[in-house]
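Undergrad: Got a structure for you, written out below as structure tokens; questions coming shortly.
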Amino acid sequence: MSIRENRLINCPKCDHEQSIMVWSSINASLNPEGRSKLFDGEINHFRCQKCVYESLIPTPLLYHDVDRKIAVHYFPPESMKKAEFLDQFDVHGKFLTAEDLDFAVPQHLKDVHVVFNMNELVSYVIFREMLLEFHQANSSTPNPSLN
Ligand SMILES: [Zn+2]
463 MSIRENRLIN
473 CPKCDHEQSI
483 MVWSSINASL
493 NPEGRSKLFD
503 GEINHFRCQK
513 CVYESLIPTP
523 LLYHDVDRKI
533 AVHYFPPESM
543 KKAEFLDQFD
553 VHGKFLTAED
563 LDFAVPQHLK
573 DVHVVFNMNE
583 LVSYVIFREM
593 LLEFHQANSS
603 TPNPSLN
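Each residue of the sequence shown is one higher than the one before, starting from 463 at the first, in the numbering used here.
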């Protein structure tokens with residue numbers, strides 16, 4: 463499931479208030495248009511209707527693709543300054559909560575890749591999609607379902 467909601471946000475520059483769609487999760491399998499918007503830089507992108515100031519809304523975003531088993535989580539870099547944030551990870555950068563949620567969390571979400579840059583989020587998704595294509599095309603073991 464993708465999670466998004468309309469929020470009232472004040473322009474950091476001119477204080478003009480406007481409603482904007484804020485995404486906290488994109489499920490690419492169910493929401494291919496969410497993936498397209500992400501690739502076009504339109505997700506959580508603020509553009510003031512009054513003074514045209516543009517900026518990224520600093521909010522965490524989970525990208526997951528169930529079919530391709532890809533999960534990437536963007537966090538604003540400022541998150542690192544908070545102990546509550548660091549407390550969620552072990553020393554290797556793995557989510558500590560993942561094991562507690564064992565019953566409900568699919569494997570690909572346990573291996574979520576953490577990034578602190580939206581461009582890196584997009585690049586990493588492209589990387590994983592290219593890897594999938596590459597390995598499918600170069601697979602030496604024929605897929606039985608194709609025979
Ligand atoms: Zn403005």
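Think of the CB as a built atom: it goes at the ideal place given N, C-alpha and C, for glycine as much as any other residue.
Because the structure is a prediction, the values reported are computed rather than measured.
On the DSSP letters alone, give me the boundaries of the alpha helix (DSSP H) that TYR586 sits inside.
TA: On the sequence shown, position 124 is the one that residue 586 refers to. Run containing TYR586: 580-599, per the alpha helix (DSSP H) assignment.
Undergrad: Drop a sphere of 10 angstroms on the beta-carbon of ASP527, count the other beta-carbons inside from all chains shown, and report buried for 16 or more, exposed for fewer.
TA: For the purposes of this step, residue 527 is taken as residue 65 along the sequence shown, with counting starting at 1. Counting every other CB atom within 10 Å of its CB across the protein chains shown gives ASP527 a total of 16 or more, marking it as buried.
Undergrad: Run through DSSP, which three-state label would ASN609 get?
TA: The residue given as residue 609 occupies position 147 in the sequence shown. Bear in mind that a pLDDT of 46 at ASN609, under 50, signals an unreliable position, so the number given afterwards is only what the model happens to contain. DSSP places ASN609 in coil when its eight states are reduced to three.
Undergrad: Can you tell which of VAL534, LEU593, GLN550, GLU595 has its C-alpha closest to the C-alpha of VAL576?
TA: Start at 1 with the first residue of the sequence shown, and residue 576 comes out as number 114. Comparing Cα-Cα distances from VAL576 to each of VAL534, LEU593, GLN550, GLU595, the minimum goes to VAL534.
Undergrad: Cβ of LYS544 versus every heavy atom of ligand 1: is any distance shorter than 7 Å?
TA: If you number the sequence shown from 1, residue 544 lands on position 82. The answer is no for LYS544.
Undergrad: Could you tell me how far apart the beta carbons of THR521 and SER498 are, in whole angstroms, since I believe they sit closer than 8 Å?
TA: If you number the sequence shown from 1, residue 521 lands on position 59. If you number the sequence shown from 1, residue 498 lands on position 36. Contact doesn't hold; Cβ gap of about 20 Å is too wide.
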